[in-house]
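Novice: Residue numbers (this note's numbering), protein chains in the order written: chain A, 3 to 330; chain B, 488 to 874; chain C, 52 to 345.
Sharing a structure, written as structure tokens. Questions coming.
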Amino acid sequence: MPAAASVSDRRATAAGERRGVPARAPQLALLAAVLALLPLGFANNYFYEVAILVALNAIVCIGLNLLIGYAGQISLGHAAFYALGGYGSAIAATRWGWPVWLSLPAAVVAMGLLAWAVGRPTLRLKGHTLAMATLGLGVIVSIVLVNEDRLTGGPDGMTVPPLVVAGRALQGEPTWYAIVAVVLWLAVWLAGNLIDSPVGRALRALHGSEVAAQTLGVDSARWKLRIFVISAVFAATAGALTAHYAGFITPAKASFLHSVELVIMVVFGGMASIWGAVIGAAVLTLLPQLLTVLKDYEMMVFGAVLVATMVFFPRGIVPTLARLVAKD
Amino acid sequence: MSRLTATLRRFTRAALPLALPLLLTAPAAAQEPIRVGTFLAVTGPASFLGDPEQKTLEMMVDKINADGGINGRKLQLISYDSAGDAEKARTFTKRLIEQDKVDVLIGGSSTGETMAAVPLAEAAGIPFISLAGAVVIVEPTKKWVFKTPHTDRMACEKIFVDMKARGFTKAALISGSGGFDKSMRAECVKVAPNQGIQIVADETYGAADTDMTAQLTKIKGSGAQAVLNAGFGQGPAIVTRNYKQLGLTQPLYQSHGVASKEYIKLSGDAAEGVRLPAAALLVADLLPAGDPQKPVVTNYRNAYQAKYKTDVSTFGGHAYDGLMLYVNAVKAAGSTDKAKTRDAIEATKGYVGTGGVVNMSPTDHMGLDLSAFRMLEVKNGNWTLVK
Amino acid sequence: MGANWMQFVAGGLTAGAVYALVALGFSIVYHASHAINFAQGEFVMIGGMGAVSLVALGLPLWAAVPLAVAGAMLVGLLVQRLALEPAQAGGQADVVTLIIITIGVALFLRGLAQLVWDKGIHSLPAFTGSEPMHLGGATVMPQSLWVLGGSAVAVLALGWFFGRTLLGKAMRATAINPLAARLMGISTRGVMRLSFVLAAALGALGGVLTAPITLTSYDVGVMLGLKGFAAAILGGLGSFGGAVAGGLLLGLIEGLGAGFVSSAYKDVIAFVVILAVLFFLPGGLVGARGSERV
Numbered sequence: 003m004p005a006a007a008s009v010s011d012r013r014a015t016a017a018g019e020r021r022g023v024p025a026r027a028p029q030l031a032l033l034a035a036v037l038a039l040l041p042l043g044f045a046n047n048y049f050y051e052v053a054i055l056v057a058l059n060a061i062v063c064i065g066l067n068l069l070i071g072y073a074g075q076i077s078l079g080h081a082a083f084y085a086l087g088g089y090g091s092a093i094a095a096t097r098w099g100w101p102v103w104l105s106l107p108a109a110v111v112a113m114g115l116l117a118w119a120v121g122r123p124t125l126r127l128k129g130h131t132l133a134m135a136t137l138g139l140g141v142i143v144s145i146v147l148v149n150e151d152r153l154t155g156g157p158d159g160m161t162v163p164p165l166v167v168a169g170r171a172l173q174g175e176p177t178w179y180a181i182v183a184v185v186l187w188l189a190v191w192l193a194g195n196l197i198d199s200p201v202g203r204a205l206r207a208l209h210g211s212e213v214a215a216q217t218l219g220v221d222s223a224r225w226k227l228r229i230f231v232i233s234a235v236f237a238a239t240a241g242a243l244t245a246h247y248a249g250f251i252t253p254a255k256a257s258f259l260h261s262v263e264l265v266i267m268v269v270f271g272g273m274a275s276i277w278g279a280v281i282g283a284a285v286l287t288l289l290p291q292l293l294t295v296l297k298d299y300e301m302m303v304f305g306a307v308l309v310a311t312m313v314f315f316p317r318g319i320v321p322t323l324a325r326l327v328a329k330d
Numbered sequence: 488m489s490r491l492t493a494t495l496r497r498f499t500r501a502a503l504p505l506a507l508p509l510l511l512t513a514p515a516a517a518q519e520p521i522r523v524g525t526f527l528a529v530t531g532p533a534s535f536l537g538d539p540e541q542k543t544l545e546m547m548v549d550k551i552n553a554d555g556g557i558n559g560r561k562l563q564l565i566s567y568d569s570a571g572d573a574e575k576a577r578t579f580t581k582r583l584i585e586q587d588k589v590d591v592l593i594g595g596s597s598t599g600e601t602m603a604a605v606p607l608a609e610a611a612g613i614p615f616i617s618l619a620g621a622v623v624i625v626e627p628t629k630k631w632v633f634k635t636p637h638t639d640r641m642a643c644e645k646i647f648v649d650m651k652a653r654g655f656t657k658a659a660l661i662s663g664s665g666g667f668d669k670s671m672r673a674e675c676v677k678v679a680p681n682q683g684i685q686i687v688a689d690e691t692y693g694a695a696d697t698d699m700t701a702q703l704t705k706i707k708g709s710g711a712q713a714v715l716n717a718g719f720g721q722g723p724a725i726v727t728r729n730y731k732q733l734g735l736t737q738p739l740y741q742s743h744g745v746a747s748k749e750y751i752k753l754s755g756d757a758a759e760g761v762r763l764p765a766a767a768l769l770v771a772d773l774l775p776a777g778d779p780q781k782p783v784v785t786n787y788r789n790a791y792q793a794k795y796k797t798d799v800s801t802f803g804g805h806a807y808d809g810l811m812l813y814v815n816a817v818k819a820a821g822s823t824d825k826a827k828t829r830d831a832i833e834a835t836k837g838y839v840g841t842g843g844v845v846n847m848s849p850t851d852h853m854g855l856d857l858s859a860f861r862m863l864e865v866k867n868g869n870w871t872l873v874k
Numbered sequence: 052m053g054a055n056w057m058q059f060v061a062g063g064l065t066a067g068a069v070y071a072l073v074a075l076g077f078s079i080v081y082h083a084s085h086a087i088n089f090a091q092g093e094f095v096m097i098g099g100m101g102a103v104s105l106v107a108l109g110l111p112l113w114a115a116v117p118l119a120v121a122g123a124m125l126v127g128l129l130v131q132r133l134a135l136e137p138a139q140a141g142g143q144a145d146v147v148t149l150i151i152i153t154i155g156v157a158l159f160l161r162g163l164a165q166l167v168w169d170k171g172i173h174s175l176p177a178f179t180g181s182e183p184m185h186l187g188g189a190t191v192m193p194q195s196l197w198v199l200g201g202s203a204v205a206v207l208a209l210g211w212f213f214g215r216t217l218l219g220k221a222m223r224a225t226a227i228n229p230l231a232a233r234l235m236g237i238s239t240r241g242v243m244r245l246s247f248v249l250a251a252a253l254g255a256l257g258g259v260l261t262a263p264i265t266l267t268s269y270d271v272g273v274m275l276g277l278k279g280f281a282a283a284i285l286g287g288l289g290s291f292g293g294a295v296a297g298g299l300l301l302g303l304i305e306g307l308g309a310g311f312v313s314s315a316y317k318d319v320i321a322f323v324v325i326l327a328v329l330f331f332l333p334g335g336l337v338g339a340r341g342s343e344r345v
């Protein structure tokens, strides 16, 4: 497999090394500006809702991209971390009476620990076996969530209390847009820092050739596990935020289909590219909203769009476009 | 061109922008359509529910518009496919309320989808008529939320009353892992003791399972005198076939979720003798001449079958009732003001629908009682009324 | 209790035979192109639903079944030709990209099935009658025997094809070393297409054999694809014997798990067993040398 770093990432790093300023500053500033100005185009709360969903998906995808695109590992069960983040916070808040500003981070931390425990044996596997193992774990979580209805509310899910900070319940689309916009910006910033650091270079070496990386002294097992945990934390954060925003959560969030959706977003947008993850999440969250007017033809058209895009943009949208731009 | 023509032209060009609003304002209120918003599981695991619901709503909206609309206004149906997914249902509900600015919400084929939309309807103050089954939708009663289908608790009660009448005291439960199944199973476990029925076996199967012989084998050895299958979709059909395959002789009861000709077709002759509670819609021809539901269900059934060339479904009937309840409320309230129509829906008395006779009240937002369910039995591949 | 386990085994093996056919399809495609075809489950659906609609048009069963399988084979060819070849031709396509393409194809086929057929559940008449037979304490439908027998015949035919015919050997050669095979005059593209056609045939065969028992609808492909994939990995991806063993074993575990442990958690039990096997035998039951075995 060829080296993972996308053209845009290499440019960003190189630019920073030239000017001696944080490499991604212009990109981050642009993101902040876009996030701040976007609501000016929102006609009503429905626009906010879609933007919030895009941002939440983007957060998961950035983390998953680190795992798939940079570390070269595949996970077909990531929706489990997403859902358990939500359920963890919801169960702690409703059944154990924890305040949400505590249950939310606690759930995220718990998911990090779970990822660490599960990742150690699992990441020893490679390729399709790893895919199957993550798939199996995801399905197991999904079935347990459905069947343990006394704890989880069963297949119809459970209601989730709102996020209460300093006595004020954070509700309403504009408020939540602000929250997820900040979290998204932080996610992009963190991921960027990670990739530009020596850790990132070790990761890229890993993806290029694990054996070669090991001969150079990269402790591949440790790094794979760390990225796995980080990606799980991103997913759990997004899941918990979604649960408290929507006010409910269902086991469908842990399903195999949801895991596949997330992988599609990452690959579609472009692997080994943070912006790819964001764009992939945006397009694949917006597309169903747009295609819904096609009614019965929606699934067919969605499938056709997916096939066509991957045929013409085999590396995903952002890397392929960046490559085209770079050629000019 | 002559100066006259030129002047006329200038006049028209100037006057038109002024005239247009004049033409539109006065009758505008009457021409403004009544926007009915729906989100249904047209595709996906609950399409058994959503597809006939969608077809019914489209058919009835066209029919009402062809008859002149309501109070001179046409109905406009804005529908989205939530595919049985609660989060999609929530997003589409938001879209209906905020973007499409609908006057009423009729939808939510499944309980999960409905419960996701309930907080939005309550916050926005818009009447919401749900087409889903679980009792939690109307218990506790929510100001803006109503529902048309019988509750799963009612189905359990009807079945256990029938079991008791046949002298059974021990029953086995077998249910799937879907929301409908689990909810009904929980209700049945709760109300069985009321009729003196003891649940001696409680088996489950997965939503996509294709072989239930293992579960039924365990039930065979449990000492149950009757078996209740709380489920819908393909599971119950396979349970019924496996039932015959294993040679089980205890009476089998199904839920109202499979009250359709399709279930009989899929189960073949294994369905012989199966009983289930269902709305009168399924046995329109068997109803006595004086039955108040007979004209309503017969007309709906004939119209649906003529248009779609397929058998009626109870779920389509729920959608019919939902729409008609709203239509009657608009007529009674004289406007589509959300608060007034809500009050009118709540004040519904004696509405004869496909599901039964509806009498709502501030504490009962469903309005049906146990008599709305008829106990049916399959004989010679067809539905028959029991007693 | 004694007679019960025979019943659990009978049910499990019947389901397992279908998983085996789907798993074989996965292995054949993987063998030829190292890609995972997530549209494999949809071939089962096309076989079943195709036969249902042909029967509804009035064709007798013995004509509808082969026609449905042939139709699925055509779809398989078109999928390889129109969706995968353009991506593989560019030379840039990652295995992950190909997988996503097959997922897109699966969605497309499912969406198309919704329109061409409908969203309802359908059944096929049983091939030789539906009177349950009593075998060793268990009651078995005659159709189950068709499923097991049909799968066995398919596996044997496949074994003969790959082992004894020139074409089959050419396919194996391409899998081992594509460049050398091409130098010997074997068309890699032809091999890829043929492998898709074979995979589609196997899936569709499974679909028509089980539709009389398991019923069929436009979305049966999802679960079957998932379980077939699990079975293929359990047995060892790329190994044909492994695929069959994996499928039957998965079915057995499900049946016995449902019967003796918990019917609600039978899928969990099955996946736990698969994970345990994979942790100790990462190459699956048959092991990594599966690419040469038949």
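Quick reminder that beta carbons are idealized off the backbone N, C-alpha and C, glycines included.
1) Three or more C-beta pairs under 8 Å: does that hold for the stretch 209–224 of chain A against the stretch 97–104 of chain A?
2) Report the residues of the stretch 575–609 of chain B with a CB closer than 7 Å to any CB of chain A, ordered along the chain.
3) Any Cβ of chain B within less than 8 Å of the Cβ of ILE154(C)?
4) Against GLU759(B), what residues of chain C qualify as contacts under a CB-to-CB distance less than 7 Å, listed in chain order?
5) Between GLY803(B) and chain A, is the shortest Cβ-Cβ distance under 8 Å, so that the two count as touching?
6) Using a threshold of 8 Å, state whether the C-beta atoms of ILE661(B) and VAL745(B) are closer than that.
7) Using the Cβ count rule (16 or more neighbours within 10 Å means buried), how would you classify GLU150(A)?
8) In whole angstroms, what separates the C-alpha of ILE142(A) from that of ALA81(A)?
9) Return the chain-ordered list of same chain residues with a C-beta closer than 6 Å to the C-beta of ASN331(A), the five sequence neighbours on each side being excluded.
10) For chain A, check one thing: does any of its Cβ atoms lie closer than 8 Å to the Cβ of LEU509(B)?
11) Looking at THR50(A): is its Cβ nearer than 8 Å to the Cβ of ARG206(A)?
12) As a quick exercise: from GLN702(B), GLY612(B), VAL529(B), pick the residue whose alpha carbon is nearest that of LEU733(B).
13) Provide the residue(s) that pair with ALA717(B) in DSSP beta bridges, ordered along the chain.
14) With H, G and I counted as helix, E and B as strand and the rest as coil, what does DSSP make of LEU243(A)?
15) Which residue wins for smallest C-alpha separation from ILE64(A), given the options VAL309(A), ILE251(A), PHE230(A), THR294(A)?
16) Got a sec: is the Cβ-Cβ distance from THR530(B) to anything in chain C below 8 Å?
17) Residues of chain C with a CB under 7 Å from the CB of TYR72(A): which are they?
18) Start and end of the alpha helix (DSSP H) containing LYS781(B)?
19) Give me the Cα-Cα distance between GLY840(B) and SER566(B), rounded to the nearest whole angstrom.
20) Relative to chain C, which residues along the stretch 685–699 of chain B have a C-beta separation below 7 Å, given in chain order?
21) Using a cut-off of 9 Å between C-beta atoms, extract the partners of ALA81(A) located in chain C.
22) Taking 8 Å as the CB-CB cut-off, is ALA306(A) touching chain C?
23) Under 8 Å by Cβ, that's how I've got LEU301(C) and LEU326(C) pegged, so tell me the actual separation to the nearest angstrom.
24) Give the secondary structure of LYS651(B) by DSSP, where H, G and I count as helix, E and B as strand, and everything else as coil.
25) Tell me the rounded alpha-carbon separation between ALA121(C) and ALA208(C).
26) Can you give the Cα-Cα distance for GLN586(B) and ASN46(A), rounded to whole angstroms?
27) Any C-beta of chain A sitting closer than 8 Å to the C-beta of ARG340(C)?
28) Should PHE331(C) go down as buried or exposed, given a rule of 16 or more other Cβ atoms within 10 Å for buried?
29) Between which two residues does the beta strand (DSSP E) holding LEU564(B) run?
30) Using the beta-carbon count (16 or more within 10 Å), is ALA513(B) buried or exposed?
31) Where THR525(B) and ILE151(C) are concerned, what is the direct C-alpha to C-alpha distance, given to the nearest angstrom?
32) Sorted by chain position, which residues of the same chain lie with C-beta nearer than 7 Å to ARG244(C)'s C-beta, five sequence neighbours on each side aside?
33) Near LEU335(A), which residues of its chain fall below 8 Å by C-beta distance, leaving aside the five closest residues on each side in sequence?
34) So which of VAL324(C), ARG223(C), ALA177(C), PHE311(C) has the shortest CA-CA distance to GLY297(C)?
35) Anything in chain C within Cβ reach of ALA135(A), meaning under 7 Å, just list it in chain order.
Specialist: Taking the structure as given:
1) The stretch 209–224 of chain A is not in contact with the stretch 97–104 of chain A.
2) Hits within the stretch, in order: ARG577, THR578, LYS581, ARG582, GLU585, GLN586, THR598, GLY599, MET602, ALA603, PRO606.
3) Residue 154(C) sits at position 103 when you count from the first residue of the third sequence. Against chain B, the CB of ILE154(C) has no partner CB under 8 Å away; the residue lies outside that interface.
4) Position 272 of the second sequence holds residue 759(B). None at all; the shortest Cβ gap to chain C is about 13 Å.
5) The residue given as residue 803(B) occupies position 316 in the second sequence. No, no contact with chain A.
6) Here residue 661(B) refers to the residue found at position 174 of the second sequence. Here residue 745(B) refers to the residue found at position 258 of the second sequence. No, the Cβ-Cβ distance between ILE661(B) and VAL745(B) is not below 8 Å.
7) Counted from its first residue, the first sequence places residue 150(A) at position 148. Sixteen is the threshold: since fewer than 16 other Cβ atoms of the shown chains lie within 10 Å of the Cβ of GLU150(A), the residue is exposed.
8) Mapped onto the first sequence, residue 142(A) falls at position 140. Mapped onto the first sequence, residue 81(A) falls at position 79. Each residue's CA atom was taken as its position, placing ILE142(A) and ALA81(A) some 12 Å apart.
9) No statement about residue 331(A) is possible, as the shown extent of chain A runs from 3 to 330 and does not include it.
10) Taking the first residue of the second sequence as position 1, residue 509(B) is located at position 22. Low per-residue confidence applies at LEU509(B): pLDDT is 45, beneath 50, and the placement is therefore not dependable, though the value from the model is reported in the following sentence. So no, LEU509(B) is outside the interface.
11) Within the first sequence, the letter at position 48 stands for residue 50(A). Within the first sequence, the letter at position 204 stands for residue 206(A). According to the sequence shown, residue 50(A) is Tyr rather than Thr. It is not a contact, given that the beta carbons lie outside the stated cut-off.
12) Along the second sequence, read from residue 1 onward, the residue named residue 733(B) stands at position 246. The shortest Cα separation from LEU733(B) among GLN702(B), GLY612(B), VAL529(B) belongs to GLN702(B).
13) Reading the second sequence from its first residue, position 230 is the one you call residue 717(B). Paired residue(s): SER662(B).
14) Stepping through the first sequence from its first residue, residue 243(A) is reached at position 241. If DSSP states are grouped into helix, strand and coil, LEU243(A) belongs with the helices.
15) Here residue 64(A) corresponds to residue number 62 of the first sequence, with the count starting at 1. Among VAL309(A), ILE251(A), PHE230(A), THR294(A), the Cα nearest to that of ILE64(A) belongs to PHE230(A).
16) The residue given as residue 530(B) occupies position 43 in the second sequence. With respect to chain C, the C-beta atom of THR530(B) has a partner C-beta closer than 8 Å.
17) For this step, residue 72(A) is matched to residue 70 along the first sequence. Residues of chain C whose Cβ lies closer than 7 Å to the Cβ of TYR72(A) do not exist; the shortest such Cβ separation is about 13 Å.
18) Here residue 781(B) corresponds to residue number 294 of the second sequence, with the count starting at 1. Segment 780–795, the alpha helix (DSSP H) holding LYS781(B).
19) Locating residue 840(B) in the second sequence gives position 353, counting from the first residue. Locating residue 566(B) in the second sequence gives position 79, counting from the first residue. Between GLY840(B) and SER566(B), the C-alpha separation is close to 23 Å.
20) So the close ones are GLU690, THR691, TYR692, GLY693, ALA695, THR697, ASP698.
21) Within the first sequence, numbered from 1, the residue matching residue 81(A) stands at position 79. The premise fails here: ALA81(A) is roughly 14 Å from chain C at the closest Cβ pair, so nothing lies under 9 Å.
22) For this step, residue 306(A) is matched to residue 304 along the first sequence. Interface residue, yes.
23) What you label residue 301(C) is simply residue 250 of the third sequence in a count that begins at 1. What you label residue 326(C) is simply residue 275 of the third sequence in a count that begins at 1. Not a contact, Cβ separation roughly 13 Å.
24) Stepping through the second sequence from its first residue, residue 651(B) is reached at position 164. In this structure, DSSP gives LYS651(B) a helical state, which the three-state scheme calls helix.
25) Residue numbering aside, residue 121(C) sits at position 70 when the third sequence is read from its first letter. Residue numbering aside, residue 208(C) sits at position 157 when the third sequence is read from its first letter. So the two alpha carbons sit approximately 17 Å from each other.
26) Stepping through the second sequence from its first residue, residue 586(B) is reached at position 99. Stepping through the first sequence from its first residue, residue 46(A) is reached at position 44. If I take the Cα positions, the gap works out to 7 Å.
27) As a working mapping, residue 340(C) is identified with position 289 in the third sequence. With a pLDDT of 42 at ARG340(C), under the threshold of 50, the modelled position of that residue is not reliable, and the figure given next carries that caveat. No, ARG340(C) lies away from the interface with chain A (no Cβ there is under 8 Å from its Cβ).
28) The residue you call residue 331(C) lines up with position 280 of the third sequence. The C-beta of PHE331(C) has fewer than 16 other C-beta atoms within 10 Å across all chains shown, which makes the residue exposed.
29) In the second sequence, counting from the first residue as 1, residue 564(B) sits at position 77. 562–568 is the extent of the beta strand (DSSP E) around LEU564(B).
30) Locating residue 513(B) in the second sequence gives position 26, counting from the first residue. Residue placement at ALA513(B) cannot be trusted, given a pLDDT of 44 that sits under 50; the coordinates are not used to answer.
31) What you label residue 525(B) is simply residue 38 of the second sequence in a count that begins at 1. What you label residue 151(C) is simply residue 100 of the third sequence in a count that begins at 1. Taking C-alpha positions only, THR525(B) is separated from ILE151(C) by approximately 33 Å.
32) As a first step, residue 244(C) must be located in the third sequence, where it is residue number 193. Around ARG244(C): LEU128, GLN131, ARG132.
33) Since the displayed chain A opens at 3 and closes at 330, residue 335(A) lies outside it and no answer follows.
34) Here residue 297(C) refers to the residue found at position 246 of the third sequence. Ranking VAL324(C), ARG223(C), ALA177(C), PHE311(C) by CA distance to the CA of GLY297(C) puts VAL324(C) first.
35) In the first sequence, residue 135(A) corresponds to position 133, counting from 1. Identification of chain C residues near ALA135(A) by a Cβ-Cβ cut-off of 7 Å yields LEU326, LEU329, ordered along the chain.
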